[in-house]
Amino acid sequence: MSHSSQTAWDNALVQKYNYSGPRYTSYPTAVQFSEGLDLEELSSSIEALAKGDRPLSLYLHIPFCAHLCYYCACNKVVTKRHDKAAPYLARLYQEIEDKGRLYESKRMVEQMHWGGGTPTFLNEDEIHSLINHLRAYFNLLDNDHGDYSVEIDPRECTRQKLHLLRYEGFNRISIGVQDFDEKVQKAVNRVQPIKLVEDLVNRARHIKFKSINMDLIYGLPFQTAATFEKTVNQIIELSPDRLSVFNYAHLPERFKSQRRLNPEELPAPEVKLEIMQNTISQLEDAGYVYIGMDHFAKPTDELAISQRQGQLHRNFQGYTTHKDCDLIAMGVSSISHIGPYIFQNHPNLDNYIKAVDAGKIPALKGIKTNKDDQIRSDIITQLICHFELDMDQKSKQHKIDFSQYFADEMERLKPFIEDGLLKIKNNRIEVLSSGRLLIRSICMVFDAYLPKDSETKSFSRII
Ligand SMILES: C[S@@+](CC[C@H](N)C(=O)[O-])C[C@H]1O[C@@H](n2cnc3c(N)ncnc32)[C@H](O)[C@@H]1O
Ligand code: SF4
């Protein structure tokens, strides 16, 4: 049964609990966001909340890509025309100005992430002026102590651009790799030789980027256990500090380009399970720690350190070491989390532009969380980040009697206990090694918005 040291794999249990579920980058999840958001109320509440003193996390969405990867499920605009960026950036500057002027300088930006699309679609002048704009309205740290990261498409990042990003204060990069196999790369329209990635990694290390993440996807056309094993070995050679290994989300009704992939060429579910199982043992044998969900990190990486210290958190960018930040997101489709409010900007570029031009918060939908949401969010975050939970401590923290408040949930945890996925001892819930991979099924027990029989259609499968 057990295939590797930390994360046990039991095929029967994986099959049993491998139903669709949210990835809990927020609770309540985006499915609960409603379009009936009162923008006036949101504006004035945000203005009041801005006077607090929590540190800030900024997210900026740059939606453009020069090429179309057929598998892609991100919010993006594929274009060869570089001049598309300028009108978008003008609105982004406006949004930065509108939001930034609310925040006092004492609110330090501890974390910043530029995602996409492809942030490196921007040319050097645009990167420079975007960061200057941010500096003018937010208090960015200039001592390299912030956690400032940017997503990089190796095909769209010159040496100069990489140097500029480091010079402007970024200290982490995340590289889209997906797979090194040529046949797979051709099938998904993303041909990206390993040499390109290797050069980028060497250069990034040379100019002292502190952490390098790589994204892989399993479930793509023509992948087999053998081809993916080779890709993972090549990745281990490159030695990234962190790795995201995503399960390919195939939703051709929603993402048109995915219809270009031939379903018959996609690996069968049992092949995907084998790929995931091999990947976990390869990475753990190479010294990586399984952080949870789709993430791995070296034990020396801040993500793993933070998990060991019980300080890990989860937000829209995945796992993070910054627990106490308000998340201010700017740009098309981006999601903010400020105090009790979680809200998403317009996902459509034209609508986003119109909303900014109309002088409104460009938000389309969201939710004002209530006390119960906040308690459940904390419970889910605790489990998904740390695989254990102290019920007495949570009772005290939330002024509840945990076993009474969650009486129904405790009942629904019983099958997981009987199957050896978790145990409850001395008022502590502990997820066991065979439950780690299935953590989202366990978290779903605490999700008040899901139907009680769990199986849901609107989310991708766990593995
Ligand atoms: C915005 S992209 C990363 C930056 C840059 N655009 C690139 O591709 O190099 C974010 C990541 O989402 C993942 N991704 C995109 N579409 C996906 C899908 N359908 N299923 C699973 N992961 C996906 C890929 O691993 C990709 O690297
Ligand atoms: S994977 Fe990255 S580069 Fe490819 S289309 Fe999606 S966002 Fe663009």
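Heads up: the sequence shown begins at 456 in the numbering used here, then just goes up one per residue.
Think of the CB as a built atom: it goes at the ideal place given N, C-alpha and C, for glycine as much as any other residue.
Because the structure is a prediction, the values reported are computed rather than measured.
- Task: Return the chain-ordered ranges of every beta strand (DSSP E) run that is complete within the stretch 730-758 and spans a minimum of 3 residues.
- Result: As far as the stretch 730-758 is concerned, its whole beta strand (DSSP E) runs of at least 3 residues are 744-747 and 750-752.
- Message: With H, G and I counted as helix, E and B as strand and the rest as coil, what does DSSP make of S500?
- Response: Counted from its first residue, the sequence shown places residue 500 at position 45. Of the three classes helix, strand and coil, the one that applies to S500 here is helix, per DSSP.
- Message: Under DSSP, the alpha helix (DSSP H) around T686 begins and ends at which residues?
- Response: Within the sequence shown, the letter at position 231 stands for residue 686. T686: member of the alpha helix (DSSP H) spanning A680 to L693, first to last residue.
- Classify V656 as helix, strand or coil using the three-state DSSP reduction. Taking the sequence shown and counting its residues from 1, one reaches residue 656 at position 201. Looking at V656 - three-state DSSP - the assignment turns out to be helix.
- Query: Can we count E653 as close to ligand 1, meaning its CB is less than 6 Å from some heavy atom?
  - Reply: Position 198 of the sequence shown holds residue 653. No, the beta carbon of E653 sits no closer than 6 Å to any heavy atom of ligand 1.
- Query: Would you report the Cα separation of P906 and K539, rounded to the nearest angstrom?
  - Reply: Against the sequence shown, residue 906 aligns to sequence position 451. Against the sequence shown, residue 539 aligns to sequence position 84. Straight-line Cα distance between these residues: approximately 43 Å.
- Can you tell me whether DSSP reads E885 as helix, strand or coil? In the sequence shown, residue 885 corresponds to position 430, counting from 1. The three-state secondary structure of E885, taken from DSSP, is strand.
- Around ligand 2, which residues pass a check of Cβ closer than 7 Å to any of its heavy atoms? In chain order, the residues positioned with their C-beta nearer than 7 Å to some heavy atom of ligand 2 are C520, H522, L523, C524, C527, C529, K531, V533, G571, G572, T573, D608, G631 and R645.
- Query: When you compare only the Cα positions, how much space is there between D863 and F901?
  - Reply: To locate residue 863, count along the sequence shown from 1; it is residue 408. To locate residue 901, count along the sequence shown from 1; it is residue 446. Roughly 9 Å separates the two Cα atoms.
- Query: Should E606 be listed as close to ligand 1, given that the test is whether its C-beta is under 6 Å from any heavy atom?
  - Reply: Here residue 606 corresponds to residue number 151 of the sequence shown, with the count starting at 1. Flag set: Cβ of E606 near ligand 1.
- Less than 6 Å between the CB of I672 and some heavy atom of ligand 1, yes or no? Translated into positions along the sequence shown, residue 672 becomes position 217. Yes, Cβ of I672 sits closer than 6 Å to a heavy atom of ligand 1.
- So what does DSSP say about H516, is it helix, strand or coil? Along the sequence shown, read from residue 1 onward, the residue named residue 516 stands at position 61. Of the three classes helix, strand and coil, the one that applies to H516 here is strand, per DSSP.
- Query: In terms of DSSP beta bridges, what is H618 paired with?
  - Reply: One-based indexing of the sequence shown puts residue 618 at position 163. Assignment of beta-bridge partners to H618 by DSSP yields no partner.
- Item | C-beta atoms of N800 and S789 nearer than 7 Å | As a working mapping, residue 800 is identified with position 345 in the sequence shown. As a working mapping, residue 789 is identified with position 334 in the sequence shown. For N800 and S789, yes; Cβs fall inside 7 Å.
- Query: Do the CB positions of G624 and Y592 come within less than 7 Å of each other?
  - Reply: In the sequence shown, residue 624 corresponds to position 169, counting from 1. In the sequence shown, residue 592 corresponds to position 137, counting from 1. No; because the gap between Cβ atoms is not below 7 Å, this pair is not in contact.
- In chain order, what residues of the same chain lie with their CB nearer than 7 Å to the CB of K778, ignoring the 5 residues before and after it? Position 323 of the sequence shown, counted from the first residue, corresponds to residue 778. So the qualifying residues of the chain are Q766 and H768.
- Look up V397 in the DSSP assignment and say whether it is helix, strand or coil. The requested residue 397 does not occur in the structure, where the chain is confined to residues 456 to 918.
- Query: Quick one: what does DSSP say D805 is sitting in, helix, strand or coil?
  - Reply: Walking along the sequence shown from the start, residue 805 turns up at place 350. Note: D805 maps to helix in three-state DSSP.
- Specify, as a first and last residue, the run of the beta strand (DSSP E) that I607 falls within. The count along the sequence shown starts at 1 and reaches residue 607 at position 152. First-last of the beta strand (DSSP E) with I607: D602 to I607.
- Contiguous beta strand (DSSP E) assignments of at least 3 residues, all confined to the stretch 818-885: For the stretch 818-885, whole beta strand (DSSP E) runs of length 3 or above, ordered along the chain, are 818-823, 843-845 and 877-880.
- With distances taken from CA atoms, which of D847, Q566 and Q647 is nearest Y860? What you label residue 860 is simply residue 405 of the sequence shown in a count that begins at 1. Distances from the alpha-carbon of Y860 to those of D847, Q566 and Q647 put D847 closest.
- Item | Spatial neighbours of R658 in its chain, beta-carbon cut-off 7 Å, leaving aside the 5 residues before and after | Against the sequence shown, residue 658 aligns to sequence position 203. Once the five neighbours on either side are set aside, the close Cβ partners of R658 are R614 and L617.
- Message: Rounded to the nearest angstrom, what separates I855 and A485 at their Cα positions?
- Response: Looking up residue 855 in the sequence shown gives position 400. Looking up residue 485 in the sequence shown gives position 30. If you take the alpha carbons of I855 and A485, they lie about 27 Å apart.
- Task: Taking 7 Å as the cut-off, decide whether the C-beta atoms of I822 and H853 are in contact.
- Result: Within the sequence shown, numbered from 1, the residue matching residue 822 stands at position 367. Within the sequence shown, numbered from 1, the residue matching residue 853 stands at position 398. Cβ distance not < 7 Å, so I822 and H853 don't count as in contact.
- Item | Own chain partners of Q640 with C-beta closer than 7 Å, once the 5 adjacent residues on each side are dropped | The residue you call residue 640 lines up with position 185 of the sequence shown. D634, V646 and Q647.
- Query: Pick from I834, R590 and K650: whose alpha carbon is nearest that of E552?
  - Reply: Residue mapping note: residue 552 aligns to position 97 of the sequence shown, counting from 1. Nearest in C-alpha terms to E552, of all of I834, R590 and K650, is R590.
- Message: On the criterion of 16 or more Cβ atoms from any shown chain inside 10 Å, does T755 qualify as buried, or is it exposed?
- Response: On the sequence shown, position 300 is the one that residue 755 refers to. With a threshold of 16 other beta carbon atoms within 10 Å, T755 falls short and is exposed.
- Query: With distances taken between CB atoms, is the gap from C780 to E565 smaller than 7 Å?
  - Reply: As a first step, residue 780 is located in the sequence shown; it is residue number 325 there, counting from the start. As a first step, residue 565 is located in the sequence shown; it is residue number 110 there, counting from the start. Yes, the Cβ-Cβ distance between C780 and E565 is below 7 Å.
- Item | N- and C-terminal bounds of the beta strand (DSSP E) containing H568 | Stepping through the sequence shown from its first residue, residue 568 is reached at position 113. Note, H568: beta strand (DSSP E), M563 to G571.
- Message: Distance check for S889 and W464, CA to CA, integer angstroms please.
- Response: Taking the first residue of the sequence shown as position 1, residue 464 is located at position 9. Taking the first residue of the sequence shown as position 1, residue 889 is located at position 434. Each residue's alpha carbon lies about 6 Å from the other.
- Query: For the beta strand (DSSP E) that contains A784, what are its first and last residues?
  - Reply: The residue labelled residue 784 in the question sits at position 329 within the sequence shown. A784: member of the beta strand (DSSP E) spanning D781 to M785, first to last residue.
- Query: Quick one: is the Cβ of A704 within less than 6 Å of any heavy atom of ligand 1?
  - Reply: Counting from 1 along the sequence shown, the entry for residue 704 is found at position 249. Checking every heavy atom of ligand 1 against the Cβ of A704, one is found closer than 6 Å.
- With a Cβ-Cβ cutoff of 7 Å, do I517 and G601 count as a contact? Looking up residue 517 in the sequence shown gives position 62. Looking up residue 601 in the sequence shown gives position 146. I517 places its beta carbon 7 Å or farther from that of G601.
- Query: Got a sec: does ligand 1 put a non-hydrogen atom nearer than 6 Å to the Cβ of F677?
  - Reply: For this step, residue 677 is matched to residue 222 along the sequence shown. No, since every heavy atom of ligand 1 falls outside the 6 Å radius drawn around the Cβ of F677.
- Message: Rounding to the nearest angstrom, what Cα-Cα distance links P870 and P718 in this structure?
- Response: As a first step, residue 870 is located in the sequence shown; it is residue number 415 there, counting from the start. As a first step, residue 718 is located in the sequence shown; it is residue number 263 there, counting from the start. Each residue's alpha carbon lies about 35 Å from the other.
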